[in-house]
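The sequence shown begins at 88 in our numbering and counts up by one.
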Amino acid sequence: MFTAPLSKLAFYLHIFAWSFRCLLAAPSSSVKCVTEWAYNSVGQSPCLVAAYLQAICFDGRYTIPQLTNGTTYSGPVTDNGCQCNSVVYSLVSACADCQAQQFIKWTDWGKTCQTAFVNAFPYTIPPQTAIPGWAYINMTNLGSFDVPKAQSLAVLNTPESTGPGYIFGTPTPGGGSSTSVSTSALISASSGPDTVSTPKQSHMTPAIWSIIGAVIGGIVVMLLIASYFSPGVGAAKDV
């Protein structure tokens, strides 16, 4: 007698659960930095900013965990533009440094990259974040992330870079000219501390679609539930 209505309700609950999962898929980081200079103007740590940028190549899902003593973040596992660039390398290195942990050299970071972008991020910046100006330090001659130089740029309030639809204010263009280099010229350095591996690459989908999907899904669920409980729906027919 109640099979059809219950089946409909189960379907609606399934849609709601899917929408909630989409919302949880947003980039995240549990890291609490002990230094303040590395945060951007909207209070995001370099770890969270790096998660937003890398999520573009991982279906909108990317989490940067807290490091334990004696570990550091590894470089890309696969060749992908979201990670094979000096901007994300600088952010991830700052993320390790703000936990009082070590970070790997730029040459080690790009070992699996056929092409590495220097002084640029090759994709559109997600609207939920802003890249600090210090993240555009040119790695060509440095070889490794320069913490004092980055900190000095942060103190000078070097302009941030944001993408179209920036939700915290007026978008600003990228902070550096795009330069790509073949990583065949990069020499692998000696092994360092144990590393925390990054997830394998998936196909590219901007992180914003996860949030849009959750919002649309929530609206659909509300409409369906409203129609389910509206007068006349599921009512018994007169014989």
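Cβ coordinates follow ideal geometry from the N, Cα and C atoms, glycine included.
Computed from a predicted model, the values in this text were never measured in an experiment.
Residues of the same chain with a CB within less than 7 Å of the CB of tyrosine 149, apart from the 5 flanking positions on each side, are Pro114, Ala138, Gln141, Ala142 in chain order. Scanning the stretch 153 to 190 for uninterrupted beta strand (DSSP E) segments of 3 residues or longer gives 158 to 160, listed from N- to C-terminal end.
The DSSP-derived three-state label of alanine 125 is coil. Per DSSP, the beta-bridge partners of serine 116 are Ile151.
The beta carbon of lysine 236 sits closer than 7 Å to those of Ile224, all from its chain and outside the five residues before and after it, given in chain order. If you draw a 10 Å sphere on the C-beta of alanine 187, you find fewer than 16 other C-beta atoms in it, and that means exposed.
For threonine 249, no alpha helix (DSSP H) segment is defined, and its DSSP state is neither H nor E.
Cβ-Cβ distances below 8 Å link valine 129 to Thr216, Ala217, Phe255 in the same chain, with the five nearest sequence neighbours on each side left out; the list follows chain order. Taking 8 Å as the upper bound for CB-CB distance, alanine 125 and cysteine 169 are not in contact here, some 20 Å apart. Restricting attention to Lys119, Ser173, Gly220, the CA atom closest to the CA of threonine 155 is found in Lys119. Phenylalanine 232 is a Cβ neighbour of serine 180, given a cutoff of 7 Å. For the pair aspartate 166 and threonine 194, the CB atoms are not nearer than the 7 Å cut-off. Residue pairing from DSSP places isoleucine 218 in a beta bridge opposite Ser248. Annotation: the continuous beta strand (DSSP E) that includes threonine 202 extends over 202 to 205. Counting the other Cβ atoms within 10 Å of the Cβ of valine 205 gives 16 or more, which makes it buried. A Cβ-Cβ contact shorter than 7 Å links tryptophan 196 with glycine 162.
Between alanine 241 and tryptophan 221, the C-beta gap is smaller than 7 Å, which places the two residues in contact. Here the alpha carbon of glutamine 189 sits roughly 18 Å from the alpha carbon of valine 174. For the pair glycine 230 and lysine 192, the Cα-to-Cα distance works out to about 6 Å. The closest CA to that of valine 136, considering only Leu243, Pro152, Tyr253, Leu178, is found on Leu178.
Taking a C-beta distance under 7 Å as the contact criterion, alanine 183 and threonine 159 qualify as a contact pair.
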